[in-house]
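Residue numbers (our numbering): 788 to 1325. Just so it is clear, CB atoms sit at the ideal spot from N, CA and C, and this is done for glycine as well. Read the structure below first, then the notes.
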């Protein structure tokens, strides 16, 4: 057995074939059932000429077919490629071409977009259509997903695989076009798949050590984010590798009441979210008059990939006092950096996430030297050990991000951080969105955390706009709570009690709705455009 995604999944299938593996809406799959359908799809793809190293796009909302498609590709040693379902035609052209897709598995509703670009993609030769409720008939010629499975073998008769087989995840980050981060499967399994224990930091000695962690009865884990993002993919695979039951939220848009209903129905014990964009509506739905859910099964809410504000954590604890709230820090380029359990008594004044660093994590200064604890030096978050190969077809960006420190290779994607006196790491945010006002560096996430603690603020994103005097002016783009109209003066007074005066917003833009990615990350280019176009309040 190798450190390989398909191998690890198949090991659990052999140990617990009748255990329920996946729940997505009304769709339910046992480990054996999920295996059979993935095998059938893998044989169909092989019959269409898809083989080792080929790239297969998955352009779909959360569904059981998404997981089956990823597993099918890995069984063939092919590489599944995540396609953002929000992309319009120009973005699809870029991604389909950059990723060298030879096949795409897609929900029927996305057919017209594929039809508009496929003739420009000479490598794209096979399309598989997953039915949905759209009824759209204008898509390209394609094979129906269920027909493809019905006509193919269910046998597991694939050749040997390798720890060097690729895992690629396309990430847009906070700026720029999406980039494909390439990992050896062994490396990504150690950093994101549980090969190194997230709590103890102790690495597994053999791949079989993961399946040996199977519990009886299994845990039920819910991934609420879209599977096109790494947080949901690894929440799902991490659960499957240890024989747990994974519940996916399969709604087309985020519906907090639907999520709480699923937690109640499926007796979910752990729910993963991505920061405030999910936490806030979940808290408000739970606190709404007349809300009544049996959440006695729920033990843990875990957040990653976006800021989870202390004020929302505290509201969760007030509503569910026995809940354990966990923050995890990581990125597509580095994997897991560390985690912390929420304790109101130890929340820092900045309102930012501080975590105990994971194995191989450190903060480096501009010269590449490790930052000393308590020094106050702002450095870049770095991770050594198991790191990606680089960005797909981008050697220049790869050389900038994957560097050597004291003769060891590190991934340093640009997240800024401080090392506290006790050695914990406080994440300040991505350096590309740092604001320079009057020579002072201001980190948007710190200001956003202060703003979101105001009673009139539902959501906020902070950006810098050009200013003759200061270079950049701190500007708050705010979505107010319904029926509220916060003023710049009121928000400034509130923020001054939480952050230094030079960080306080000098301008305010009120907007009907904050735009975020489906994973909950702020869309800083969008927010800056709004701030430039709609300057108000100073």
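Check for me: the alpha helix (DSSP H) holding residue 977 runs from which residue to which?
The residue you call residue 977 lines up with position 190 of the chain shown. Where residue 977 is concerned, the enclosing alpha helix (DSSP H) stretches over 972-978.
Give every residue of the same chain whose Cβ lies closer than 8 Å to the Cβ of residue 910, excluding the five residues on either side of it in the sequence, and list them in chain order.
By one-based count along the chain shown, residue 910 stands at place 123. 887, 888, 889.
In terms of alpha-carbon separation, which member of 1092, 1033, 1071 lies closest to residue 1060?
Here the question's residue 1060 lines up with position 273 in the chain shown. Checking every option, the nearest Cα to that of residue 1060 belongs to 1092.
Under 6 Å Cβ to Cβ from residue 1211, same chain only, skipping five residues before and after it: list those, please.
For this step, residue 1211 is matched to residue 424 along the chain shown. Result list for residue 1211: 1141, 1143, in chain order.
Would you kindly report the start and end of the unbroken beta strand (DSSP E) that includes residue 1283?
Against the chain shown, residue 1283 aligns to sequence position 496. Segment 1275-1283 is the alpha helix (DSSP H) holding residue 1283; no beta strand (DSSP E) there.
May I ask which residues mark the beginning and end of the beta strand (DSSP E) holding residue 1260?
What you label residue 1260 is simply residue 473 of the chain shown in a count that begins at 1. Unbroken beta strand (DSSP E) run through residue 1260: 1258-1267.
Restricting to runs no shorter than 3 residues, where is the beta strand (DSSP E) found entirely within the stretch 1096-1156?
1111-1118, 1122-1128, 1141-1144, 1148-1151
Rounded straight-line distance, which links the Cα of residue 840 to that of residue 950
For the purposes of this step, residue 950 is taken as the residue at position 163 of the chain shown. For the purposes of this step, residue 840 is taken as the residue at position 53 of the chain shown. Computed Cα separation, rounded: 13 Å.
Residues in the same chain with beta-carbon distance under 7 Å from residue 1257, minus the five sequence neighbours each way, listed in chain order, please.
The count along the chain shown starts at 1 and reaches residue 1257 at position 470. Cβ neighbours of residue 1257 beyond the five flanking positions: 1224, 1225.
Going by the beta-carbon positions, is the gap between residue 828 and residue 936 smaller than 7 Å?
Here residue 828 refers to the residue found at position 41 when the chain shown is read from its first residue. Here residue 936 refers to the residue found at position 149 when the chain shown is read from its first residue. A contact, by the Cβ cut-off of 7 Å.
For residue 807, name the three-state secondary structure that DSSP assigns.
Translated into the one-based positions of the chain shown, residue 807 becomes position 20. Note: residue 807 maps to strand in three-state DSSP.
Going straight from the alpha carbon of residue 1301 to that of residue 1240, what length do you get?
Against the chain shown, residue 1301 aligns to sequence position 514. Against the chain shown, residue 1240 aligns to sequence position 453. About 16 Å.
Where the beta strand (DSSP E) containing residue 1246 begins and where it ends
For the purposes of this step, residue 1246 is taken as the residue at position 459 of the chain shown. Segment 1244-1254, the beta strand (DSSP E) holding residue 1246.
Is the Cβ-Cβ distance between residue 859 and residue 825 less than 7 Å?
Indexing the chain shown from 1 puts residue 859 at position 72. Indexing the chain shown from 1 puts residue 825 at position 38. A contact, by the Cβ cut-off of 7 Å.
Taking buried to mean at least 16 other C-beta atoms within 10 Å of its own C-beta, is residue 1065 buried or exposed?
For this step, residue 1065 is matched to residue 278 along the chain shown. It is buried - the Cβ of residue 1065 has at least 16 other Cβ atoms within 10 Å.
Let me know the secondary structure DSSP gives residue 881 once reduced to three states.
Stepping through the chain shown from its first residue, residue 881 is reached at position 94. Of the three classes helix, strand and coil, the one that applies to residue 881 here is helix, per DSSP.
The stretch 1143-1152 / the stretch 1168-1177 touching (three or more Cβ pairs under 8 Å)
yes
Return the Cβ separation of residue 854 and residue 1030 in integer angstroms, given the expectation that the two are a contact with Cβ distance under 8 Å.
On the chain shown, position 67 is the one that residue 854 refers to. On the chain shown, position 243 is the one that residue 1030 refers to. Actually they do not touch by this definition, with Cβ atoms about 15 Å apart.
Cβ atoms of residue 1034 and residue 1234: under 7 Å apart, would you say?
Looking up residue 1234 in the chain shown gives position 447. Looking up residue 1034 in the chain shown gives position 247. Cβ distance not < 7 Å, so residue 1234 and residue 1034 don't count as in contact.
So residue 826 is in the alpha helix (DSSP H); what residue range does that whole segment cover?
As a first step, residue 826 must be located in the chain shown, where it is residue number 39. Residues 818-834.
Identify the continuous beta strand (DSSP E) that holds residue 1090 and give its terminal residues.
Here residue 1090 is taken as the residue at index 303 of the chain shown, counted from 1. Looking at the DSSP string, the run of the beta strand (DSSP E) that includes residue 1090 is 1087-1091.
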